[in-house]
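Residue numbers for the sequence shown follow numbering that gives the first Met the number 0, so the first one is 0 and each next one is one higher.
Beta carbons: idealized from backbone N, C-alpha and C, even for Gly.
To start, the structure under review is shown below, and the notes come after it.
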Amino acid sequence: MRLQEYQGKELFRRVGISVSEGQIATTPQEAEEIARTLGGAVVVKAQVLVGGRGKAGGVKLAQTPAEARAHAEKILQMSIKGERVRKVLITRAVEIEREFYLSITIDRSAKQPVVIFSAEGGIEIEELAKTHPEKIIKFHIHPLVGLQGYQVRTALFQAKLDPKWMTPLSEIFFKLYEAFTRYRAHLVEINPLALTRDGRWLAVDAKVMIDDDDVPSELAGWEAEELASSSEERAAREADLQYVKLDGSIGIIGNGAGLVMSTLDLVALNGGRPANFLDIGGGANAEVMKQALKIVLSDSQVRGLFINIFGGITRCDEVARGLVATQQELGIRVPMVVRLTGTNEIEGRRILQEHGITPVAGMEEGAAEIVRRVSHNI
Ligand code: GDP
Ligand code: MN
Numbered sequence: 000m001r002l003q004e005y006q007g008k009e010l011f012r013r014v015g016i017s018v019s020e021g022q023i024a025t026t027p028q029e030a031e032e033i034a035r036t037l038g039g040a041v042v043v044k045a046q047v048l049v050g051g052r053g054k055a056g057g058v059k060l061a062q063t064p065a066e067a068r069a070h071a072e073k074i075l076q077m078s079i080k081g082e083r084v085r086k087v088l089i090t091r092a093v094e095i096e097r098e099f100y101l102s103i104t105i106d107r108s109a110k111q112p113v114v115i116f117s118a119e120g121g122i123e124i125e126e127l128a129k130t131h132p133e134k135i136i137k138f139h140i141h142p143l144v145g146l147q148g149y150q151v152r153t154a155l156f157q158a159k160l161d162p163k164w165m166t167p168l169s170e171i172f173f174k175l176y177e178a179f180t181r182y183r184a185h186l187v188e189i190n191p192l193a194l195t196r197d198g199r200w201l202a203v204d205a206k207v208m209i210d211d212d213d214v215p216s217e218l219a220g221w222e223a224e225e226l227a228s229s230s231e232e233r234a235a236r237e238a239d240l241q242y243v244k245l246d247g248s249i250g251i252i253g254n255g256a257g258l259v260m261s262t263l264d265l266v267a268l269n270g271g272r273p274a275n276f277l278d279i280g281g282g283a284n285a286e287v288m289k290q291a292l293k294i295v296l297s298d299s300q301v302r303g304l305f306i307n308i309f310g311g312i313t314r315c316d317e318v319a320r321g322l323v324a325t326q327q328e329l330g331i332r333v334p335m336v337v338r339l340t341g342t343n344e345i346e347g348r349r350i351l352q353e354h355g356i357t358p359v360a361g362m363e364e365g366a367a368e369i370v371r372r373v374s375h376n377i
């Protein structure tokens, strides 16, 4: 799971990394009060789990409490890449002298944590990797030995930084590594790590991902809702479904992770962009299908649905009943392509056909069909 910026900052604070001071608001009034308490200029920041908030207009500078209120009012009504903004973080604006990038993540092919540092922070690291790969410094951490001082010094020398920055910066490397291990994170990222005009080092942003199956006890008290990802992901977890939101327009429902993955691939091969991954698992019934449809359709970016069911323990007639019932209940308007095969498939297809849904015979055909219909709006 990915933490919100303010939660990531709380973890940073606990390991001794300074963060820009701030508080959460859920209403414009609260935003105004917080801004007044902080005094001076503030930054109003949408708390969403998707990247590029700044570019999307979700990060705004306010000179006065009234301005903070106005920004909060706008931002709290926004959806960024399909995610509704429910909270804003109000931070004291800092004057930035220079922005850096620092992260620790797991390099799966090397089977070791990797530290990534750049003296050019602020912009997205993927972007920097494309345009100026030479400005990115990377090194691995041996999991048994841990982060070593010489590694940090080598990296900082390589970056040709002012020698007086060595000590404070290397302290941040060690504190971030402490956060990475203590919270058993997949990723801890500070972008930008700012050197302020008055000489302080602050994490202006925080991105933290934690292993869902290994949440440290220190975070156990944090509300499940707070730790959740998008609202759809939250609903899916409650319904015991495996859902991952993506940023395309074709909603995908299937049974079995492998089948769903190949469905995503086929849609992409045909030029479509999947909106999600959703595995309804084995033994799915009408009710489960209904839940799944509701979750996928609550994503406003969905323009079409591709349902790919291989019936085994899951019975095709049950799935078809769920589909038909939900279609009637929700009045599904987007194009829907269904591939049903396996146990009770004949009965399943008959139920669909009776209700005006023509199933496709194979998944290749289905993927091509949904992409065609979504791109032509039919
Ligand atoms: P992101 O767009 O989701 O990465 O959000 P960030 O928290 O990283 O903010 C985007 C950008 O806004 C940062 O890279 C900074 O350049 C800028 N920014 C955010 N807070 C401040 C601040 O307090 N002072 C200044 N000068 N810039 C800020
Ligand atoms: Mn950022």
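Measuring from the CB of T90, is there a heavy atom of the ligand GDP at a distance below 7 Å? Locating residue 90 in the sequence shown gives position 91, counting from the first residue. Within the cutoff, so yes.
Below 8 Å, can you find three or more Cβ-Cβ pairs linking the region 103 to 112 to the region 134 to 150? yes
Residues sharing a beta bridge with M335, DSSP: If you number the sequence shown from 1, residue 335 lands on position 336. The partner list for M335 (beta bridge, DSSP) reads L304.
Beta carbon of G51, beta carbon of E123: below 8 Å? Taking the sequence shown and counting its residues from 1, the one referred to as residue 51 is at position 52. Taking the sequence shown and counting its residues from 1, the one referred to as residue 123 is at position 124. Yes; because the gap between Cβ atoms is below 8 Å, this pair is in contact.
Taking T342 as the reference, give the member of P334, V318 and Q46 with the closest Cα. On the sequence shown, position 343 is the one that residue 342 refers to. Looking at the Cα atoms, V318 is the closest of the given residues.
Nearest to L146 (by Cα), restricted to the options S169, H131 and E126: Taking the sequence shown and counting its residues from 1, one reaches residue 146 at position 147. Ranking S169, H131 and E126 by Cα distance to L146 puts S169 first.
Tell me whether N190 counts as near the ligand GDP, meaning its Cβ is closer than 7 Å to at least one heavy atom of that ligand. By 1-based counting over the sequence shown, the position of residue 190 is 191. Yes - the ligand GDP has a heavy atom lying nearer than 7 Å to the Cβ of N190.
Return the Cβ separation of S248 and Q326 in integer angstroms, given the expectation that the two are a contact with Cβ distance under 8 Å. Taking the sequence shown and counting its residues from 1, the one referred to as residue 248 is at position 249. Taking the sequence shown and counting its residues from 1, the one referred to as residue 326 is at position 327. With a Cβ gap of about 19 Å, S248 and Q326 do not count as contacting.
Quick one: Cα of A227 to Cα of L48, how far? Position 228 of the sequence shown, counted from the first residue, corresponds to residue 227. Position 49 of the sequence shown, counted from the first residue, corresponds to residue 48. Note on A227: pLDDT 49, under 50, position unreliable in the model; no value is reported.
Check each candidate in K86, E31 and R85 and name the one with the smallest Cα separation from A61. In the sequence shown, residue 61 corresponds to position 62, counting from 1. Checking every option, the nearest Cα to that of A61 belongs to E31.
Check the DSSP bridge columns for W200 and list the partner residues they point to. By 1-based counting over the sequence shown, the position of residue 200 is 201. W200 is bridged to L194.
Quick one: using the 10 Å Cβ neighbour count with 16 as the cut-off for buried, is I115 buried or exposed? Translated into the one-based positions of the sequence shown, residue 115 becomes position 116. That one is buried.
Helix, strand or coil, according to DSSP, for T357 in the structure here? Taking the first residue of the sequence shown as 1, we reach residue 357 at position 358. If DSSP states are grouped into helix, strand and coil, T357 belongs with coil.
Classification of K59 by the beta-carbon crowding that lies within 10 angstroms, buried from 16 upward: For the purposes of this step, residue 59 is taken as the residue at position 60 of the sequence shown. Per the 10 Å Cβ criterion, buried.
Roughly how many whole angstroms lie between the Cα atoms of G281 and Y176? Here residue 281 is taken as the residue at index 282 of the sequence shown, counted from 1. Here residue 176 is taken as the residue at index 177 of the sequence shown, counted from 1. Answer to the nearest angstrom: the Cα atoms are 40 Å apart.
Just reading off the alpha helix (DSSP H) that M77 is part of, what are its end residues? Position 78 of the sequence shown, counted from the first residue, corresponds to residue 77. No alpha helix (DSSP H) contains M77, which DSSP labels as neither H nor E.
Enumerate in chain order the residues of its own chain whose CB-to-CB distance from D210 is below 7 Å, with the five nearest sequence positions on each side excluded. One-based indexing of the sequence shown puts residue 210 at position 211. R183 and H185, listed in sequence order.
Can you find at least 3 beta carbon pairs, one from the region 270 to 286 and one from the region 246 to 261, that sit closer than 8 Å? yes
By the 10 Å Cβ neighbour count, where 16 or more other Cβ atoms means buried, how is H131 classified, buried or exposed? Position 132 of the sequence shown, counted from the start, is the residue given in the question as residue 131. So H131 counts as exposed.
Give a yes or no on contact between the region 328 to 336 and the region 301 to 317, applying the rule of three or more CB pairs nearer than 8 Å. yes
How is the beta strand (DSSP E) around K382 delimited, first residue to last? This structure gives no information on residue 382, because the portion of the chain shown stretches from 0 to 377.
Under the rule that 16 or more other beta-carbon atoms within 10 Å means buried, what is L268, buried or exposed? In the sequence shown, residue 268 corresponds to position 269, counting from 1. Burial call: exposed.
Whole-Å CB distance - L37 paired with E20, under 8 Å assumed: Within the sequence shown, the letter at position 38 stands for residue 37. Within the sequence shown, the letter at position 21 stands for residue 20. 7 Å between Cβ atoms; contact.
Reducing DSSP to helix, strand and coil, say where A238 ends up. Along the sequence shown, one-based indexing puts residue 238 at 239. Residue state, collapsed to three classes: coil.
Return yes when the C-beta of E119 is under 7 Å from any heavy atom of the ligand GDP, and no when it is not. As a first step, residue 119 must be located in the sequence shown, where it is residue number 120. Answer for E119: no, Cβ out of range of the ligand GDP.
With 16 as the cutoff for other CB atoms within 10 Å, does P162 come out buried or exposed? Start at 1 with the first residue of the sequence shown, and residue 162 comes out as number 163. So P162 counts as exposed.
Checking 8 Å against the spacing of the C-beta atoms, do L351 and L329 come in under that value? Here the question's residue 351 lines up with position 352 in the sequence shown. Here the question's residue 329 lines up with position 330 in the sequence shown. In this structure, L329 does not lie closer than 8 Å to L351 by Cβ.
For G50, is the beta carbon positioned less than 7 Å from some heavy atom of the ligand GDP? Stepping through the sequence shown from its first residue, residue 50 is reached at position 51. For the ligand GDP, at least one heavy atom lies less than 7 Å from the Cβ of G50.
Beta-carbon separation of G257 and I369 under 8 Å? Residue numbering aside, residue 257 sits at position 258 when the sequence shown is read from its first letter. Residue numbering aside, residue 369 sits at position 370 when the sequence shown is read from its first letter. With a cutoff of 8 Å on beta-carbon distance, G257 and I369 are scored as not near each other.
Name the DSSP beta bridge partners of T104, please? Locating residue 104 in the sequence shown gives position 105, where the first residue counts as 1. Note: T104 sits in a beta bridge opposite V113 and L186.
Rounded to the nearest angstrom, what separates A158 and R97 at their Cα positions? For the purposes of this step, residue 158 is taken as residue 159 along the sequence shown, with counting starting at 1. For the purposes of this step, residue 97 is taken as residue 98 along the sequence shown, with counting starting at 1. One C-alpha to the other measures close to 14 Å.
Going by DSSP in three states, L143 sits in which element: helix, strand or coil? As a position in the sequence shown, residue 143 is number 144, starting the count at 1. In the structure shown, L143 sits in coil (DSSP, three-state: anything other than H, G, I, E or B).
Contact check, T195 vs I95, beta carbons under 8 Å: Residue 195 sits at position 196 when you count from the first residue of the sequence shown. Residue 95 sits at position 96 when you count from the first residue of the sequence shown. It is a contact, given that the beta carbons lie within the stated cut-off.
When every heavy atom of the ligand MN is checked, does at least one fall within less than 7 Å of the C-beta of D264? Within the sequence shown, the letter at position 265 stands for residue 264. Not so, every heavy atom of the ligand MN lies at least 7 Å from the Cβ.
When you compare each of L339, S117 and P27 to K73 by their alpha carbons, which one comes out closest? What you label residue 73 is simply residue 74 of the sequence shown in a count that begins at 1. Looking at the Cα atoms, P27 is the closest of the given residues.
So for K293, helix, strand or coil by DSSP? One-based indexing of the sequence shown puts residue 293 at position 294. DSSP places K293 in helix when its eight states are reduced to three.
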